[in-house]
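Protein chains: 2
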Amino acid sequence: MADKEDLKLLGLQLSPFVIRVCMALTMKGVSFEYVEEDLNNKSELLLKSNPVHKKVPVLIHNGKPICESLVILQYVDELFAGRSILPADPFERATARFWAAYVDDKLFPAWYGMVKAQAEEERAEKVKETLAAIEKMEVAFAKCSGNGNAAFFGGDSIGYVDIVLGSFLFWFEAVRRVDGLEIIDASKTPLLAAWAERFGGSVEAKEVVPVPEADLAVQYINKFRAPAIDAAKLASSE
Amino acid sequence: MADKEDLKLLGLQLSPFVIRVCMALTMKGVSFEYVEEDLNNKSELLLKSNPVHKKVPVLIHNGKPICESLVILQYVDELFAGRSILPADPFERATARFWAAYVDDKLFPAWYGMVKAQAEEERAEKVKETLAAIEKMEVAFAKCSGNGNAAFFGGDSIGYVDIVLGSFLFWFEAVRRVDGLEIIDASKTPLLAAWAERFGGSVEAKEVVPVPEADLAVQYINKFRAPAIDAAKLASSE
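Okay, here's the thing in C-alpha cells:
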C-alpha cells in the first residue's frame, strides 16, 4: 500500500464502534481525517456513504465507503501493513471472529437495553443479561489467554477482540459512576478485570479514549434517563 | 493443507446456516462427515462443541470446533485451497462481509418473524420488512454485478454473498407454496430474480440442496402455524 492514502472517518465521539476504528487505524500508524457527525442532522456524506444503515462509523478510503465497525477493522487489517489486528492462524482468527460477533450480538444489546431502560424491571432483566454475557467473556479470555498467561485476547499485544470489547470500557465506567454497577467485577470475573486494567492502561487505549470520555458518557446516561430526551440517539451509531 | 483432514459437520437438514457450510466445503472439494442433530435432544458433542449458542452448524476440524456459519465460511475459505469464496480485493471483501451481515442481521430476522408469526398483523409487518430487505439486496446485486453484467454477487462464479443469501432460496420457495408470497418477485427485483434462477440451477446449489428440501420446508411452515408445535425449533439452529 502507498503511504499516502485519503482516509476519512465519519464518527461520533462516544460511539464504541467508532473508537474501534480509531484504535485500529492508530495501531497501523495510518493518519486519517476525523469528521464528527451530528446524529440529529446527519451529513449528506454520511447518508450517501451508508444509505443502508445511515450509521457511523464509515471509513471513506480514496472515495470508497466501508461501513460496519467489524467489517472496517478487517479491512484496515488486510489493507495496511504494521501490527496485525486479527491472528494469523485460521483457527485463532475464527475464534476471534466468533467472540467479536458475540460482543456485538449478545453483550451490546443487553448492555444498551440496560442503559436506556426506563422501568426498573426491564433494567434488572438487562443487567442480568449483561452480566451473563460478561461471564462468557471471562471464559473466552481464560481460553484465549491460557488462563491469563497472555495479557490480551490477542496474546501479548492488543488484537481484534481486545479492540471490540475494550471499546465499551469507558461506558462501563460511566455505568459504574451512575448506577454503582461493576459490569466487570474483579470478584466474579477476575481475569477479565485484570485484562480491563491492562487494556485501559495501554498506550493504544489512552491514545484514542481520553479520560473525559467517561464523564461525557455519564452525562449521556443521565440524559437517557430523562424522558424528554430521545433515547435512540446512541442507537443511531451502529 | 494436508489432503487428509478430519472434518465433521454437526447440522440440521433444513437449516440455511448449515447448507452454507455444506456448499462451501463442497466448493472446496473437501470431504466431510455430516452428522444430523436432533434439536429436541441435542448431542453431547454439540453441547460441548458450542456451549455458548448450542446451535448448528458446528464444524469440527481435527477435534477443534468452529461455530457460526459466517465464521465457518471464512475459516473454510482461508484454510483450504481451491475456489475462493471471498473476493481477493480488500474493498470487495469488505463489501461482501457487509452484505452477508445484512442478510443475517436484517433479512433473516424479518423472514423468520414472518414464517413463525401467528397473528396476521404481525405477519404483515414482517412481510413488509422482508420485502424491504430484499429490495436492498436488489440494489446490492446491481452494484456487485455491474447491473447484472456478472452472474453472481461473487462475479462469474458463486461466492460468499451468493452462498449466504442463496441458502434461503428453498425456504422462499416453501413460503411461496404455503402463502403464495413471492419474496423475490421478478417484477419488483428483476436482477435478483434472475440471480436466484441462476443460483438455483447451479451445480453447487443442486449438489447440496436437493429439490425435496422445499417440500420438507412446506411441512415445517405448516407445523409452525399449528399452535401445539414448538415454533422455536428452527431458531435453535443459528
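These protein sequence lines map, in sequence, to chains A and B. Counting from 1, one number per residue, gives the positions in the first sequence under the UniProt record's numbering. Counting from 1, one number per residue, gives the positions in the second sequence under the UniProt record's numbering. The C-beta atom is built at its ideal place from N, Cα and C for all residues, glycine as well.
Q | Candidates A/Leu-45, A/Val-209, A/Ala-81, of which the one nearest A/Val-171 by Cα | A | What sits at residue 171 of chain A in the sequence shown is Trp, not Val. When each option's Cα is compared against that of A/Trp-171, the closest is A/Val-209.
(Q) Just verifying my parser: in three-state terms, what is the DSSP assignment at B/Met-1? (A) For B/Met-1, the predicted model reports a pLDDT of 46, less than 50, meaning its position is unreliable and no value from the coordinates is stated.
**Q.** Collapsed DSSP secondary structure at B/Val-35 in the structure displayed
**A.** strand
Q. Whose Cβ in chain A lies nearer than 8 Å to the Cβ of B/Leu-79?
A. Pro-90
Q) Which chain B residues sit within Cβ distance under 9 Å of A/Ile-60? A) By Cβ distance, chain B contributes nothing, its closest Cβ being about 11 Å from A/Ile-60, past 9 Å.
Q: Kindly identify the DSSP beta-bridge partner or partners of B/Lys-8.
A: B/Glu-33, B/Ile-60
Q. Applying a beta-carbon distance threshold of less than 9 Å, which residues of chain B neighbour A/Gln-13?
A. Those within 9 Å of A/Gln-13 in chain B number zero; the least Cβ separation is about 24 Å.
Q. Contact between the region 150-163 of chain A and the region 97-110 of chain A: three or more CB pairs below 8 Å?
A. yes
Q. According to the neighbour-count rule (16 or more other Cβ atoms, all chains shown, within 10 Å of its Cβ), is A/Pro-51 buried or exposed?
A. exposed
Q.
I want to see whether chain B comes within less than 8 Å of A/Gln-118, judged by CB atoms only; does it?
A. no
Q) According to DSSP, which residues form a beta bridge with B/Phe-152? A) B/Gly-155
Q) Does DSSP classify B/Ile-85 as helix, strand or coil? A) coil
Q.
Taking CB distances under 8 Å as the criterion, tell me whether B/Arg-93 reaches chain A.
A. yes
Q: Determine contact between the region 37-50 of chain B and the region 63-76 of chain B, defined as no fewer than three beta-carbon pairs at a distance below 8 Å.
A: yes
(Q) So if I threshold CB-CB distances at 8 Å, which residues from the UniProt domain "GST N-terminal" (5-84) of chain B count as touching chain A? (A) Val-52, His-61, Lys-64, Ile-66, Cys-67, Glu-68, Leu-70, Val-71, Ile-72, Gln-74, Tyr-75, Glu-78, Leu-79
Q: Closer than 6 Å by C-beta to B/Ala-142: which residues in its own chain qualify, once you throw out the five before and the five after it? Chain order, please.
A: Leu-191
Q: Step through the CB atoms of chain B and report whether any lies within less than 8 Å of the CB of A/Arg-198.
A: no
Q: Output yes if chain A places a C-beta closer than 8 Å to the C-beta of B/Arg-225; else output no.
A: no
Q) Which residues does DSSP pair with B/Ile-221 in a beta bridge? A) None; B/Ile-221 has no bridge partner.
Q.
With a threshold of 8 Å between beta carbons, is A/Arg-97 in contact with chain B?
A. yes
Q.
Quick check: A/Ser-167 and A/Ile-19, are their CB atoms within less than 8 Å of each other?
A. yes
Q. Of the residues B/Glu-5, B/Gln-118, B/Glu-125, B/Gly-29, which one's Cα is nearest the Cα of B/Cys-222?
A. Reading off the sequence, residue 222 of chain B comes out as Asn, not Cys. B/Asn-222 has its Cα closest to that of B/Gln-118, out of B/Glu-5, B/Gln-118, B/Glu-125, B/Gly-29.
Q. Quick one: which chain B residues come within Cβ less than 7 Å of A/Lys-136?
A. Val-52
Q: State the DSSP-derived secondary structure class of A/Pro-190, mapped to helix, strand or coil.
A: helix
Q. With DSSP run on the structure shown, which of helix, strand or coil describes A/Pro-90?
A. helix
Q: For chain B, find out if any of its Cβ atoms is closer than 8 Å to the Cβ of A/Tyr-160; answer yes or no.
A: no
Q: Compute the Euclidean distance between the alpha carbons of A/Met-23 and A/Arg-83, then round it to the nearest angstrom.
A: 12 Å
**Q.** Which residues DSSP lists as bridging B/Ile-163, in chain order
**A.** BP columns for B/Ile-163 are empty, so no partner.
Q: Output yes if chain B places a C-beta closer than 8 Å to the C-beta of A/Tyr-102; else output no.
A: yes
Q.
What does DSSP give as the partner residue(s) for B/Ile-66 in the beta ladder?
A. B/Leu-59
Q. Does any C-beta atom of chain B lie closer than 8 Å to the C-beta of A/Ala-232?
A. Caution applies to A/Ala-232, whose pLDDT of 47 falls short of 50 and renders its modelled position unreliable; the value that the coordinates give is listed next. Chain B, which has no Cβ nearer than 8 Å to the Cβ of A/Ala-232, makes this no.
Q.
Assuming the contact rule is C-beta atoms closer than 8 Å, A/Gly-11 and A/Glu-36 should be a hit. Round their C-beta distance to whole Å, please.
A. 6 Å
**Q.** Reference A/Glu-129; option with closest CA among A/Met-114, A/Glu-120, A/Ser-31
**A.** A/Met-114
Q: Quick one: residues in its chain with C-beta nearer than 6 Å to the C-beta of A/Ala-186, no 5 flanking neighbours on either side, listed in chain order?
A: Ala-193
**Q.** Beta-carbon spacing of A/Pro-90, A/Ile-72 below 8 Å
**A.** no
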